[in-house]
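**Student:**
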Amino acid sequence: MSQNEIKTVGVITSQSLSKWGNIQEEVEKILKVQNVKFFSFLDVNKKYKSSLNHFSDKSFNWQGEIQQTELLRFLEEPFDLLIGYFNKKNTFIESAVLHSKATFKVGISEVNQKLYDMEIVEIPSNIKNFLIELKKYLILLNKIKN
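Each residue of the sequence shown is one higher than the one before, starting from 1 at the first, in the working numbering.
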């Protein structure tokens with residue numbers, strides 16, 4: 001785990017949880033960081049327009065390797081903090097979190113504890129409470145200032 005102060009944040013989430021609010025805006029407001037990048041997993045069953053900040057199972061080849069250039073670029077960024085904001089097991093999202101070069105990874109508990117440096121117990125639809133709890137721990141770890 002890096003001892004650096006958090007200046008850059010990446011968020012990987014699922015389409016189903018991103019509907020609960022503007023996660024990027026909440027992260028910027030509560031954690032007081034401006035450099036937040038966001039990537040969301042979309043179910044291929046649903047119709048969507050191709051977008052630079054979305055990925056799906058089609059972003060992976062049959063061997064599980066990531067093929068989408070934008071996703072690879074996102075995962076190569078050495079974020080100070082990566083938030084895995086999803087609450088159901090999903091091989092594709094978990095693979096993205098695993099391959100991220102972020103120095104500190106945080107997520108919702110009970111998904112896959114091997115992915116994260118820290119897990120937070122919270123109802124997924126309550127992004128604000130999740131981030132307030134995360135902020136408390138980040139202050140204790142000297143990763144952000146109060």
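Cβ atoms here follow ideal geometry from the backbone N, Cα and C, with glycine treated the same way.
#1: For K29, which of D117, I132 and E119 has the nearest alpha-carbon?
#2: Counting beta carbon pairs with one atom in the stretch 4-13 and one in the stretch 65-80, are three or more of them shorter than 8 Å?
#3: The beta strand (DSSP E) spanning E119 covers which residue range?
#4: Going by other Cβ atoms of all chains shown within 10 Å of its Cβ, with 16 needed for buried, is N87 buried or exposed?
#5: Helix, strand or coil: how does DSSP classify F92 here?
#6: Do you know offhand how far L72's Cα is from K136's?
#7: Need the endpoints of the beta strand (DSSP E) that L82 sits in, please.
#8: So what's N35 in DSSP terms, helix, strand or just coil?
#9: What did DSSP end up calling F104 once you bin it into helix, strand or coil?
#10: Does the separation of the CB atoms of S100 and L138 fall below 8 Å?
#11: List the DSSP bridge partners of F60.
#12: Less than 8 Å separating the beta-carbons of E5 and I144?
#13: To which residues of the same chain is R129 closer than 7 Å at the C-beta, ignoring the five residues directly before and after it?
**Tutor:** Reading from the atomic positions:
#1: I132
#2: yes
#3: M118 to I120
#4: buried
#5: helix
#6: 31 Å
#7: L81 to Y85
#8: strand
#9: coil
#10: no
#11: I66
#12: yes
#13: For the sequence presented, residue 129 should be read as Asn rather than Arg. These residues qualify, in order along the chain: E122.
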